[in-house]
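Data block below; observations after.
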Amino acid sequence: IDGNLVLDFVFNWLYDITDIVDIPLLIYAMNDGDWGEPAGRGLDVITVPANLDMGMHYAVQCSEEVPFTDAEALENLAETYPQLATYIEFSPQFNSALFDMCDQWGGDAPNAVENEPVSSDVPALLLAGEFDPITPPAWAQETSELLPNSFVYTVNGVGHGVIRSNTCALNIALDFLDDPTSEPDTACLAEQPAPDFHLPGEPR
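Residue numbers (the numbering used here): 599 to 802.
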């Protein structure tokens with residue numbers, strides 16, 4: 599296990615609150631040379647889950663995202679972020695291997711309109727998790743600028759999959775679905791507790 603793998607571990611732990619609260623504890627353990635739990639839990643989260651179809655993943659990425667990726671910018675990513683150079687080389691989604699994979703996958707070139715941001719008057723609810731590593735709150739805020747009838751909220755203390763991991767977010771979504779034209783009841787957001795981070799020697 600090296601620094602590249604540890605970066606992968608932490609990135610993936612940020613998806614789920616059950617892992618988020620243990621990140622300080624796991625970092626302390628790694629610093630102390632105790633790799634048992636961090637390695638086990640890290641490998642668990644970076645292993646492709648049974649409910650993720652990699653064929654579908656690459657079908658979407660190679661037809662909707664990669665064709666619009668700036669190859670030169672990707673090639674220069676290690677120079678742009680020198681502190682992450684070895685991780686970029688280690689991770690195929692951040693280097694030219696991404697294009698090689700999609701060349702092998704094949705597929706039709708997308709219409710240029712697929713890369714244009716959506717602008718609509720249709721009511722929309724945008725919920726973002728505070729720690730979400732893959733679709734961060736800043737993206738929700740940016741998206742809302744082109745959706746004038748949208749409601750955008752950041753849910754503190756959670757990562758990805760906000761509605762399925764947080765009762766407050768679920769209730770906001772249900773309230774929005776009852777009446778998409780009115781601002782949903784978000785009182786519960788102010789009552790969200792801070793994450794109960796775990797440290798060595800503390801009960802879990």
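Beta carbons: idealized from backbone N, C-alpha and C, even for Gly.
### Message
Within 10 Å of its beta-carbon, does residue 727 have 16 or more other beta-carbons around it, so buried, or fewer, so exposed?
### Response
For the purposes of this step, residue 727 is identified with residue 129 of the sequence shown, where counting begins at 1. Counting other Cβ atoms within 10 Å of its Cβ, residue 727 reaches 16 or more and is therefore classed as buried.
Practice problem: Give the single residue among 738, 694, 721 whose Cα lies nearest to the Cα of residue 665. | Solution: Numbered from its first residue, the sequence shown carries residue 665 at position 67. Of the listed residues, the one whose Cα sits closest to residue 665 is 694.
With which residues is residue 718 paired in a DSSP beta bridge? To locate residue 718, count along the sequence shown from 1; it is residue 120. DSSP output for residue 718 lists no bridge partner at all.
Open item on the list: If I follow the unbroken alpha helix (DSSP H) through residue 656, where does it start and stop?
Closed with: Here residue 656 is taken as the residue at index 58 of the sequence shown, counted from 1. Unbroken alpha helix (DSSP H) run through residue 656: 652-658.
Residue 751, enclosing alpha helix (DSSP H) - first and last residue | Mapped onto the sequence shown, residue 751 falls at position 153. Where residue 751 is concerned, there is no enclosing alpha helix (DSSP H), although the beta strand (DSSP E) it sits in stretches over 748-753.
*asked:* Does the stretch 712-725 come into contact with the stretch 735-752, if we say contact requires no fewer than three beta-carbon pairs (one atom in each stretch) closer than 8 Å?
replied: Flag = yes, the stretch 712-725 and the stretch 735-752 touch.
Check: Hey, how far is the Cα of residue 640 from the Cα of residue 652?
Finding: On the sequence shown, position 42 is the one that residue 640 refers to. On the sequence shown, position 54 is the one that residue 652 refers to. Using only the alpha carbons, I get a separation of about 20 Å.
Indicate whether the contact test is met: 3 or more Cβ pairs, each with one atom in the stretch 627-639 and one in the stretch 780-787, closer than 8 Å.
Fewer than three pairs of CB atoms, one per stretch, sit closer than 8 Å, so the stretch 627-639 makes no contact with the stretch 780-787.
Problem - Counterpart residues of residue 727 in DSSP-defined beta bridges - result: Counted from its first residue, the sequence shown places residue 727 at position 129. DSSP lists 753 as partners of residue 727.
Which same chain residues, not among the five before or five after residue 688, have their C-beta less than 6 Å away from its C-beta? Taking the sequence shown and counting its residues from 1, the one referred to as residue 688 is at position 90. Around residue 688, the same chain offers 602 as residues with beta carbons nearer than 6 Å, after the five sequence neighbours per side are excluded.
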